[in-house]
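Participant: Encoded as structure tokens, here's the structure I'll be asking about.
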Amino acid sequence: MKRPMIIASSQEGSRHDWQSLRARGRRLLLKTVAVASGVALSMTMTLGAAGSAYADPYTSDAAAHTDGVVVNGTIPAGQLSVVNFHPVWGNKQVNKESMLDYIDEASAAGVRMIVFPEMALTGYVSSSDPNSPAYRMAVSQAETTESPITLELASAADKYDMWVIFGTPERIPGDSEHAYNSAFAASPDGTVTAYQKISPVEGSWATPGSTPVILQTQWGLVGLSICYDTYAMPEIERYYAAQGVSLLVNPTATSRSYTDIDGDGVADAIGWEWYYRNRLESIASRDGLTIASADLVGADGYAADGEAQPYDFPGGSVIMQGAFDGGVYYAGENQDGTLLTGEAGALTNNADLRLSVGSTTQIANDFHPDYYAKWYDELADMQESGDSLSYYYGSDDGPTAAVANVSAVWGDKQANVDMMLQYVDYAASQDVDILVFPETILTGYDSTDPVGANDAHTANAEVNRELASSDDYMQVVLAEKIVGPAGDTSRGESVQQLASAAQQYDMYIIFGMPEMPEGGPIVEDGADKVYNSAAICFPDGHTESFQKMHRAGSEETVWSVAGSTPVMIEMPEWADSEGNPLKAGVEICRDGHFYPELGRYYAAEGASLLLHPTATTGNAWYRESRMGSYTDRDGLAVVSTNVWGPDGYPLDADGNPIYSVDESGETVSSNKEVAGYNYYGVGADPFRTSSLIITPWSGRNGTSFDYATGSALDTSGTGRGASEATSVDMTFAQGAYDPDNLEFRTMNLSDTGFGLTNFQARLYSRMYDTLAARYIPGYVSLYGAMSALDKTPLSEPIAEARTVLDGESGSYTGDSLAALVPVYEEALSLQENTTFSSEQNGLVVVAAERLADALDALVSADGGQGDAGVGSDAPESGDITGADGDDVGATASAAETGGAFARSGSDIIAVVVTVIVLAGAGAGVWLGRRRVRR
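If you want the numbering used here, it's the position in the sequence shown, counting the first as 1, plus 95.
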């Protein structure tokens, strides 16, 4: 792929067209107050019923359900841009100017959406010290959607018919100690919508948001997510994808593992790039999302005189889509396959981008928001009872785990049991504690036409007679009961044999098989079906089962029914640093590869280990990125065992079965050489892929991550089955026993354990509940419908403030007007909000009271209009901006005056807004300004 275009950031030329800005200011600041009857009512994800849509259909959840909404559009080459942006810390004026330059140049290049990073307007802050300059800057410089800097950027979006999305702190009405970490999206008509970061990690200054935001664009639906929300909270992406979102916009400020590893004094990107790619690529391929991610670049953060800034960001902004061998990059990737880092500039998509909606968040594909809503409800109850949902194993007391790279003799249970028992014996000789076999290893995975003798093609004559006498699928015919105590002979014969071996060797054995439900097969869609299960054999000889919840391919349509119950087991042989037993969750194949909710639930419930039998054709990248995400994101070590070898009944070179049943019911052989197998056919080796045992890197080799690959995972040499070169000593055949096919290692679990910042289980339960209510007929909501944001308290004070600012401003002092403007902005921002619901009614009440107090505090001006300007201090030099709107001069900007950081915050905001309003109203005022450049 060719190197993406870089749009250089110009630093020349004048910015302000004050006449048009005043017009824009009057148009957006002095809006007619809408009657609170639904014109711009809102809806957050606390809604539990499907029928209510209280929001503007272009800037909220309702966008997903508007008639005629574009879903699968195409973004032409060059129309989407992401910016490696280097802010001047604490100086909004300068950063705004730089952003406007980028917007100018982007428009000239044909861009229709430009994305700036997280906190691009102010620079990055991470602080929990309210007395620190960094903390004070983040809060004091916070914007509203109606602030003048925001309106100037919105004006540019309007002027150029472009989406402009940027990160900024956002003011919270009535809270002078905190702010939101937000992304503002200015639409092509200049309307500004705010997304508040749901899980901020920037310290206590940043208050968590609670509202996903969906935008309707000409190409499709866009979901907003910021940095850690994207990388650590798959619930948000899943919610968006289920609503039909196809483009995820990710303003970010990430620099994890961007550090000097070779001692040359320059940060190396290999560790950061592994993390960034791992998260974005797995999201894109799992949920079908196109991602536009914009990151900060260069030094940033508060630094006292003579000190270096504390942060160094890599840039690395990208536009990408998912694939099953990594990501496909349309911007941000160099010709050598690395990401472009360390360079400021804007990048655009270098080819057309066809947007599409993923399939794994569709109800028809076993997406179960009804289950997830209940799981997260349990977690929320725990949180609300005082449980932090934070765990740390913290002990080097871990089991030795093994993965068996094997495939089944199709349809021959006894041959497969004999093979598995050989591996059990060998594993016991190596002191293995946990042995995991693949999905459906007892019978084989392939399903084929079961009518009559059409599937009677095994080498086992007895099995062929069973298959020929039944029109059920092979897995249904051979299914067994699993659950029972030690010695229970009602369990299947195969289960009893493996359970006896587990008891003999004091070992946990997990293997995949079809499970017969109590009472026999379940009839679904006219066919007999059973569970696709994992049998769990305990050291004491008893057995449990996990029933696969999220099925794939023909197993879903022809022979298996979906399970609904998570299974987590305790292993008291190992204990964490506080003496609690090791906990492990169990899932099968797609449960882990495509549906992160189950693994997240296990981790939040206290599991440190994930046991995952699978039968996937996914390659090494797919396997490690999907399952490794649980380790790096959720703190779960993983034992994931894949089928390794051919599957299905044997075929000759012409694709015909080697074995069949004659008219008398006897098994006959063609005596031809086996050339392939029915699953994927002759010449295919679909299951030549990897099994893995994954733990956190945990300081191995004395480094914080693998300096050779950048990975934060430790696989300790497992995964050899992924290539012929590394599996040369292994045997690729059905039912093969080869000690080289067994990979094992003692697991270092010391750094496992769940711990996420601002993990909002209740919010996610409500989000899934909303989806279930919308898409599952007959679902009964856990929460019920949330009502609209009640804006009624705002109507009267906003109208009064508008009257003052638009027509009576000369009657009051400049200082009292300056105090009125910020609270007016806050109130107006809520009045125009299209995403909040009644959950935020408290903010409305506070904003209305603050605005009423500011109106009561207005001070009459004895001197008439002459005292209604920006205050008592006139500029020492320069000209004035007259009532006719002509910009006839400039003086030094207050942003130059220094202090702990450049004064470009709320004090300047109040002045500028007052200037705009009064100038629009006809009053002559002093206006000092000068371009401030880096």
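Where is the CB? At the ideal position from N, CA and C, for every residue including glycine. In this text, all values refer to a predicted model and were calculated from it rather than measured experimentally.
Taking C-alpha atoms, which residue in L915, E819 and S202 lies nearest to A1030?
Facilitator: What the structure shows of the chain is the stretch from 96 to 1029, and residue 1030 is not part of that stretch, so it cannot be assessed.
Participant: Could you please give the first and the last residue of the uninterrupted beta strand (DSSP E) stretch that includes M477?
Facilitator: That residue, M477, is in no beta strand (DSSP E); its alpha helix (DSSP H) goes P464 to E479.
Participant: Buried or exposed: D729, going by 16 or more other Cβ atoms within 10 Å of its Cβ?
Facilitator: buried
Participant: Within 10 angstroms of the Cβ of G621, are there 16 or more other Cβ atoms? Answer buried if so, exposed if not.
Facilitator: exposed
Participant: Out of G794, D465 and S222, which has the shortest C-alpha to C-alpha gap to Y874?
Facilitator: D465
Participant: Answer with buried or exposed for E921, where buried requires no fewer than 16 other C-beta atoms within 10 angstroms of its C-beta.
Facilitator: Burial is judged here by how many other beta carbons sit within 10 angstroms of a residue's own beta carbon; E921 has at least 16 and is buried.
Participant: Using the Cβ count rule (16 or more neighbours within 10 Å means buried), how would you classify G315?
Facilitator: Counting the other CB atoms within 10 Å of its CB gives G315 a total of 16 or more, which places it among the buried residues.
Participant: Using the Cβ count rule (16 or more neighbours within 10 Å means buried), how would you classify D732?
Facilitator: At residue 732 the sequence reads Ala, which differs from the Asp that was named. The residue in question, A732, is buried, as its Cβ has 16 or more Cβ neighbours within 10 Å.
Participant: CA-CA distance, S217 and K191?
Facilitator: Looking at the sequence shown, residue 217 is not Ser but Thr. Cα to Cα, T217 sits roughly 9 Å from K191.
Participant: Relative to the C-alpha of V618, which residue among Y725, W654, L175 and A856 is closest?
Facilitator: W654
Participant: Rounded to the nearest angstrom, what separates V164 and K624 at their Cα positions?
Facilitator: CA-CA distance, V164 to K624, rounds to 39 Å.
Participant: Which runs of the alpha helix (DSSP H) spanning at least 4 residues fall entirely within the segment 553-603, listed in chain order?
Facilitator: For the segment 553-603, whole alpha helix (DSSP H) runs of length 4 or above, ordered along the chain, are 556-563, 569-572 and 588-600.
Participant: L704: which of T349, E682 and Y772 sits nearest, CA to CA?
Facilitator: E682
Participant: Does the segment 632-639 come close enough to the segment 598-608 to have 3 or more Cβ pairs within less than 8 Å?
Facilitator: Judged by Cβ distances under 8 Å, the segment 632-639 makes contact with the segment 598-608, as three or more pairs qualify.
Participant: Can you name the residues that DSSP bridges to D395?
Facilitator: Y406
Participant: Note down the Cα distance separating I378 from D431, rounded to an integer number of angstroms.
Facilitator: 23 Å
Participant: Just the Cα atoms here: how many angstroms apart are E588 and E575?
Facilitator: Spanning the two alpha carbons is a distance of roughly 8 Å.
Participant: If I follow the unbroken alpha helix (DSSP H) through W716, where does it start and stop?
Facilitator: A715 to D729
Participant: Can you tell me the Cα-Cα spacing of S299 and H273, whole angstroms?
Facilitator: 8 Å
Participant: Taking buried to mean at least 16 other C-beta atoms within 10 Å of its own C-beta, is F180 buried or exposed?
Facilitator: buried
Participant: Using CA atoms only, rank isn't needed, just tell me which of G304, V259, S271 and Q291 is closest to G285.
Facilitator: V259
Participant: Do you know offhand how far H645's Cα is from S845's?
Facilitator: 31 Å
Participant: In the DSSP output, which residue or residues are listed as bridge partners for R266?
Facilitator: Note: R266 sits in a beta bridge opposite A274.
Participant: Using C-beta distances below 6 Å, list every residue in its chain close to P171, excluding the 5 sequence neighbours before and after it, in chain order.
Facilitator: D447
Participant: Going by Cα to Cα distance, which pick from V777, T288 and A914 is closest to E265?
Facilitator: T288
Participant: Indicate whether I267 and Y275 have their beta-carbon atoms separated by less than 9 Å.
Facilitator: yes
Participant: With DSSP as the reference, label M232 as helix, strand or coil.
Facilitator: The three-state secondary structure of M232, taken from DSSP, is helix.
Participant: Taking the straight line between their C-alpha atoms, what separation do you get for G830 and A496?
Facilitator: 21 Å
Participant: Would the C-beta of W716 count as close to the ligand MG, meaning under 8 Å from any of its heavy atoms?
Facilitator: By its list of ligands, the structure shown contains no ligand whatsoever, and the ligand MG lies outside what it can speak to.
Participant: Since I believe C322 is in contact with T347 (beta carbons under 8 Å), could you give me their beta-carbon distance rounded to a whole number of angstroms?
Facilitator: 4 Å
Participant: May I have the straight-line CA-CA distance separating R117 from E247, to the nearest angstrom?
Facilitator: Note that R117 scores a pLDDT of 33, beneath 50, so its modelled location is shaky; the value from the coordinates is reported in the next line. Cα to Cα, R117 sits roughly 10 Å from E247.
Participant: Over what stretch of residues does the beta strand (DSSP E) that includes W669 continue unbroken?
Facilitator: V662 to A670
Participant: Which word fits V361, buried or exposed, when buried means at least 16 other C-beta atoms lie within 10 angstroms of its C-beta?
Facilitator: exposed
Participant: Along the chain, where does the alpha helix (DSSP H) containing V519 start, and where does it finish?
Facilitator: First-last of the alpha helix (DSSP H) with V519: K508 to S524.
Participant: How far does the beta strand (DSSP E) with E651 in it reach, from first residue to last?
Facilitator: Premise fails: E651 is in no beta strand (DSSP E) and is neither H nor E.
Participant: Please identify the residue among I789, V340, Y370 and V220 whose C-alpha is closest to the C-alpha of Q404.
Facilitator: Selected option, being the one with the closest Cα: V220.
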